[in-house]
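In the working numbering, each residue carries its 1-based index in the sequence shown increased by 963. Heads up: the structure comes next, in structure tokens.
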Amino acid sequence: MSYISITNVGTRHSDAIRGLNFYREEFKYMKIRLDEVASKNTSFEARQGLEHFQNQFDIQEKNIHDLKHKIDEHVQSMGYDAQSHQGRVDQEHKETERELMDEYAQLEKVINEVRHEFNNFLSKWM
């Protein structure tokens, strides 16, 4: 097995967790805005949009939760590995980190698309 210093792996985890927490909080505010639209608009078209965005928010919040859980598990696994190998971890952790950061980038892209679409919806119905 090949080992590398733990400082070479995992430095982006905390940035990703902060980003995910930010998006989770932002969804809370978007839900408040969604409720405002719901209270002012009863048309079929508005209701369809409301349902679509409620579903999207729920899906993306679950995706955020799941990715945070994966990152937390990876950090914990690296901690155990580092304790066993004098601050060094198996090189496989670097590959796992890359995969998690790719997943984070993809989720961030989807969230930004939902935000943009939601802002367009708000401009139409507010």
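Yeah, the Cβ is synthetic: ideal placement off N, Cα and C, and Gly gets one too.
Give me the DSSP bridge partner(s) of residue i.
{"i": "Asp1021", "result": "In DSSP, Asp1021 forms no bridge with anything."}
{"i": "Val1086", "result": "The sequence given here has Ser at residue 1086, not Val. Ser1086 is not bridged to any residue."}
{"i": "Arg1061", "result": "BP columns for Arg1061 are empty, so no partner."}
{"i": "Ile967", "result": "Val1052"}
How far does the beta strand (DSSP E) with residue i in it reach, from first residue to last?
{"i": "Ile980", "result": "First-last for Ile980: His976 to Lys1003, but that is the alpha helix (DSSP H), not the beta strand (DSSP E)."}
For residue i, which residues in the same chain have their Cβ closer than 6 Å to its Cβ, ignoring the five residues on either side in sequence?
{"i": "Lys1031", "result": "Leu983"}
{"i": "Met1064", "result": "Arg975"}
Taking residue i as the reference, which of the options has the closest Cα?
{"i": "Met1041", "options": "Glu1062, Lys1087, His1056 and Ser1006", "result": "His1056"}
{"i": "Phe990", "options": "Phe1084, Arg1078, Ser1086 and Leu1085", "result": "Arg1078"}
{"i": "Ser977", "options": "Glu1060, Glu1080 and Asn1082", "result": "Glu1060"}
{"i": "Gln1066", "options": "Lys1087, Lys1033, Val1052 and Ile967", "result": "Before going further, note that residue 1066 is Glu rather than Gln in the sequence given. When only C-alpha atoms are compared, the closest one is Lys1033."}
So, is residue i buried or exposed, given that buried needs 16 or more other C-beta atoms within 10 angstroms?
{"i": "Gln1046", "result": "exposed"}
{"i": "Ala1068", "result": "exposed"}
{"i": "Met993", "result": "buried"}
Note down, in chain order, each residue of its chain lying with its Cβ closer than 7 Å to the Cβ of residue i, except the 5 sequence neighbours on either side.
{"i": "Tyr986", "result": "Ile1027 and Ile1074"}
Using a Cβ-Cβ cutoff of less than 8 Å, which residues in the same chain neighbour residue i once the five nearest sequence positions on both sides are dropped?
{"i": "Leu1085", "result": "Arg996 and Val1000"}
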